Amino acid sequence: MTEEERQESDGEREISDSDSEPELDPADYEKRRDLCLRQIILSEIQFNKLKIILRDLKIKQVRSSSSCFSETFIHMTSLRRVEQDRTNRYAALLC
């Protein structure tokens with residue numbers, strides 16, 4: 504960058520800084536600050552509620568899938584018992 508370009512960019516910075524909002528008086532600054540802090544706190548509360556909802560849904564999903572697995576396991580176990588009983592009866596008839 505040449506010296507002229509640096510001076511131009513510095514001049515642009517000075518202009519852009521002077522174009523910004525006028526300074527707030529301390530009372531307005533405190534009001535805006537309080538509003539921003541309230542918005543941040545409310546956003547954090549909403550975020551935490553959403554995390555809890557998602558966690559609860561995940562727990563339900565896991566319980567549902569494990570419940571389904573348990574029911575399938577019980578059903579398969581009972582089918583095995585029925586098959587075992589049939590096999591034992593056929594074996595008894597053959598002997």
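581 is the number that the numbering used here gives to position 78 of the sequence shown; each next residue is one higher, with no gaps. Positions of the beta carbon are idealized from the N, C-alpha and C atoms, including for glycine. Every value quoted in this text rests on a predicted model; they were computed, and no experiment measured them.
Item, Value
"N- and C-terminal bounds of the alpha helix (DSSP H) containing residue 537", "529–597"
"Nearest-angstrom Cα separation, counted from residue 574 out to residue 547", "40 Å"
"Straight-line gap, residue 557 to residue 580 (C-alpha atoms, nearest Å)", "34 Å"
"Residue 587 versus residue 560 - alpha carbon distance", "40 Å"
"Between the CA atoms of residue 549 and residue 538 - distance to the nearest angstrom", "16 Å"
"Beta-carbon gap between residue 527 and residue 535 smaller than 8 Å", "yes"
"Pairwise C-alpha distance: residue 554 and residue 533", "31 Å"
"Inter-residue spacing [alpha-carbon to alpha-carbon] between residue 562 and residue 530", "48 Å"
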